[in-house]
Amino acid sequence: MGKFKTPSGISAGLRHCPCCKGIIPASNFNRDRQRPDGLRLYCRPCDRYKALSTQRRRRDLIGAGKRMTDSNATPAERLAASIAALACPQPYAAAA
3 MGKFKTPSGI SAGLRHCPCC KGIIPASNFN RDRQRPDGLR LYCRPCDRYK
53 ALSTQRRRRD LIGAGKRMTD SNATPAERLA ASIAALACPQ PYAAAA
């Protein structure tokens, strides 16, 4: 089915975020009508981090006079940029 698998043994009301690897309450996930369970794949902090990193990357490319799909970049550079965009800075820290 999907590329990410939810670990087994997670109780109801909790979800797994594949980015930060945390087991987080479902209330910390944004809604997504297109997904079967109605929630986004990543938790709110990871989702926000991914959106901001994409915006920064686009802004930097536009500032350099390049397009997002710049043909001057090698496939290895494009792959490295996409992997860097997926990496979360730190694991989820739940408010205690």
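Quick note on the working numbering: the sequence shown kicks off at 3 and runs consecutively.
Ideal Cβ positions, reconstructed from N, Cα and C, are used throughout, including at glycine.
Small disclaimer: the values here were computed from a predicted structure and weren't measured.
When the Cα atoms are used, what is the spatial distance from residue i to residue j?
i	j	result
Leu-41	Lys-52	16 Å
His-18	Ala-78	30 Å
Arg-61	Thr-76	19 Å
Pro-38	Gln-57	27 Å
Arg-59	Gly-65	10 Å
Ser-13	Asn-30	15 Å
Arg-35	Ile-26	20 Å
Considering Cα atoms alone, identify which of the options is closest to residue i.
i	options	result
Cys-22	Ala-78, Cys-48, Ala-82	Cys-48
Leu-63	Ala-83, Ile-26, Arg-35, Pro-38	Ala-83
Asn-32	Ile-25, Gly-24, Arg-50	Arg-50
Gly-24	Arg-59, Cys-45, Asp-39	Cys-45
Tell me, to the nearest whole angstrom, how far the beta carbon of residue i is from that of residue j; I am working on the premise that it is less than 8 Å.
i	j	result
Ala-28	Gly-11	Not a contact, Cβ separation roughly 16 Å.
Pro-20	Leu-54	Rounded, the Cβ-Cβ distance is 18 Å, inconsistent with contact.
Grab the span of the beta strand (DSSP E) containing residue i for me, first residue to last.
i	result
Leu-16	16-18
Pro-38	From DSSP, Pro-38 is part of no beta strand (DSSP E); its letter is neither H nor E.
Ile-26	25-27
Which residue marks the beginning of the alpha helix (DSSP H) containing residue i, and which one marks its end?
i	result
Pro-47	46-65
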